[in-house]
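Engineer: Residue 376 in this note's numbering sits at position 77 of the sequence shown; the count goes up by one each step and never skips.
All residues carry an ideal CB built from backbone N, CA and C; glycine is no exception.
If you're wondering where the values come from, they're calculated on a predicted model, not measured in any experiment.
The structure under discussion is supplied below as structure tokens; questions concerning it will follow.
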Amino acid sequence: MDKPLVSIITAIYNSPEALEKTIQSVIGQVNGNFEFIVVDGGSKDGTVDVIRKYENYISKWISETDNGIYDALNKGIRLATGKWIHILNAGDTYFSSCTLQKLEPFFISNDNSILFGDVIKVYHKKEILLRSNQNLDKGQYQMPVCHQGLFIAGSIHQEIGVYDTKWRVAADFDFLLKCLKKQYQYFYINQTIATFDFHGLSSNSTAGPRENFKILLNNKYHLVSSVIRWLIFGSISWAVLFLKRYRFVRSLIYLKNKWRYL
Numbered sequence: 300m301d302k303p304l305v306s307i308i309t310a311i312y313n314s315p316e317a318l319e320k321t322i323q324s325v326i327g328q329v330n331g332n333f334e335f336i337v338v339d340g341g342s343k344d345g346t347v348d349v350i351r352k353y354e355n356y357i358s359k360w361i362s363e364t365d366n367g368i369y370d371a372l373n374k375g376i377r378l379a380t381g382k383w384i385h386i387l388n389a390g391d392t393y394f395s396s397c398t399l400q401k402l403e404p405f406f407i408s409n410d411n412s413i414l415f416g417d418v419i420k421v422y423h424k425k426e427i428l429l430r431s432n433q434n435l436d437k438g439q440y441q442m443p444v445c446h447q448g449l450f451i452a453g454s455i456h457q458e459i460g461v462y463d464t465k466w467r468v469a470a471d472f473d474f475l476l477k478c479l480k481k482q483y484q485y486f487y488i489n490q491t492i493a494t495f496d497f498h499g500l501s502s503n504s505t506a507g508p509r510e511n512f513k514i515l516l517n518n519k520y521h522l523v524s525s526v527i528r529w530l531i532f533g534s535i536s537w538a539v540l541f542l543k544r545y546r547f548v549r550s551l552i553y554l555k556n557k558w559r560y561l
């Protein structure tokens, strides 16, 4: 039996509604040349019931305690057999039912590389198109691509390994820097891949900028330019996240975004 082109991995814990939303998006794909792996962290609510409800559409699933989101994703990666690995977290959806079908020529014609495209962020019920940074080699101070728009060749994981779980919120950034240091090729695809709600682990945490800085020092990839960019932009992001704790500042940020994206 031929291996699937894509292994879709979804990690979940105690969120049945979000999981069902993602499952319906995956099984609605016109292109069926994929496997779907669900990794549950030992949920105590109705999440496992949702998995069993759609069990015929799920290639592999496990439900057991884990050591955080990246430990769960690593379990999925180790189970994956596809040529490409795609992380689609619970609550995330593909942009359309034809997303994987449109990407199939890129999956077939490329090997041992990184493919990435654009995503849509839902913020205060507004859909915002996030264009990916097409030049990944440029000194980065944080993850330059949303993981929902990122496809990593399975062969790269075989060579580099999985996510380093000592990084709690930015292990994907660490992994990408390792790929760039190894000079794997990357290709931007001018397509919208997925939609996600802006409520992730690192989206509202000051731990993100701190961890990004440690990752930059650890990997030493374009270190000077990356650290300079972190000092300029990362510290600003850190300050904004800190100030968002205050209701007045949150209100100003909301009004600014509402005005900008109308």
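What residue from Y369, Y487, G367, Q439 has the CA that sits closest to I413's CA?
Structural biologist: Answer by Cα proximity: Y487.
Engineer: Which residues in the same chain have their Cβ closer than 6 angstroms to the Cβ of S314, if we skip the five residues on either side of it in sequence?
Structural biologist: A389
Engineer: For V329, collect the residues of the same chain with a Cβ closer than 8 angstroms to its Cβ; drop the 5 residues on either side in sequence, then sort them by chain order.
Structural biologist: S396, C397, L399, Q400
Engineer: Quick check on the DSSP output: the alpha helix (DSSP H) that includes F472 runs from which residue to which?
Structural biologist: 470 to 480
Engineer: D496 to D301, Cα distance in whole Å?
Structural biologist: 34 angstroms
Engineer: Mapping DSSP to helix, strand and coil, what is F406?
Structural biologist: helix
Engineer: Which one of T491, D471, D436 has the shortest CA to CA distance from G483?
Structural biologist: According to the sequence shown, residue 483 is Tyr rather than Gly. It is D436 whose Cα lies nearest to the Cα of Y483.
Engineer: Going along the chain, which unbroken runs of the alpha helix (DSSP H) with 4 or more residues stay wholly within the stretch 418 to 465?
Structural biologist: As far as the stretch 418 to 465 is concerned, its whole alpha helix (DSSP H) runs of at least 4 residues are 453 to 459.
Engineer: Between G327 and the rest of its own chain, which residues show a CB-CB distance below 6 angstroms, the 5 nearest in sequence each way excluded?
Structural biologist: S396
Engineer: Out of P303, P404, I376, E363, state which residue places its alpha-carbon closest to the alpha-carbon of D339.
Structural biologist: E363
Engineer: Specify the secondary structure class of E363 as computed by DSSP and reduced to three states.
Structural biologist: coil
Engineer: Note the first and the last residue of the continuous alpha helix (DSSP H) segment covering T321.
Structural biologist: 315 to 326
Engineer: Look at the Cβ atom of T392, then the Cβ atom of K320, and state whether they are nearer than 8 angstroms.
Structural biologist: yes
Engineer: Which residue from K513, N489, R351, G381 puts its Cα closest to that of W466?
Structural biologist: K513
Engineer: Determine the closest residue to G345 out of E316, I322, L449, with distance taken between C-alpha atoms.
Structural biologist: E316
Engineer: Can the beta-carbon of G453 be found closer than 8 angstroms to that of S431?
Structural biologist: no
Engineer: Exposed or buried, which one is E510 when buried takes at least 16 other CB atoms within 10 Å?
Structural biologist: buried
Engineer: With DSSP as the reference, please indicate the residues paired to F415 in a beta bridge.
Structural biologist: L449, Y487
Engineer: Please return the same chain residues whose Cβ sits closer than 6 angstroms to the Cβ of N411, not counting the five positions on each side in sequence.
Structural biologist: Residues of the same chain with a CB within less than 6 angstroms of the CB of N411, apart from the 5 flanking positions on each side, are A452, S454 in chain order.
Engineer: Could you give the DSSP three-state label for A371: helix, strand or coil?
Structural biologist: It is helical.
Engineer: Please determine, among E426, L479, I419, Y356, the residue with the shortest C-alpha to C-alpha distance to N332.
Structural biologist: If we check each option's Cα against that of N332, Y356 comes out closest.
Engineer: Determine the burial state of N373: buried for a count of at least 16 other Cβ atoms within 10 Å of its Cβ, exposed for fewer.
Structural biologist: buried
Engineer: Taking the C-alpha atoms as reference points, what is the distance between G381 and S324?
Structural biologist: Put simply, the backbone Cα of G381 is about 19 angstroms away from that of S324.
Engineer: How about L378 and K359: do their beta carbons lie closer than 8 angstroms?
Structural biologist: yes
Engineer: Got a sec? Which residues, its chain only, sit under 8 angstroms from V347 by beta carbon, not counting five neighbours each side?
Structural biologist: Spatial neighbours of V347 in its own chain (CB-CB distance under 8 angstroms, excluding positions within 5 residues in sequence) are listed in chain order as D339, S362.
Engineer: Could you name the residues of the same chain whose beta carbon sits closer than 7 angstroms to that of G375, not counting the 5 residues immediately before and after it, in chain order?
Structural biologist: I308, A310, I336, V338
Engineer: Can you check whether the CB of V444 is closer than 8 angstroms to the CB of T494?
Structural biologist: no
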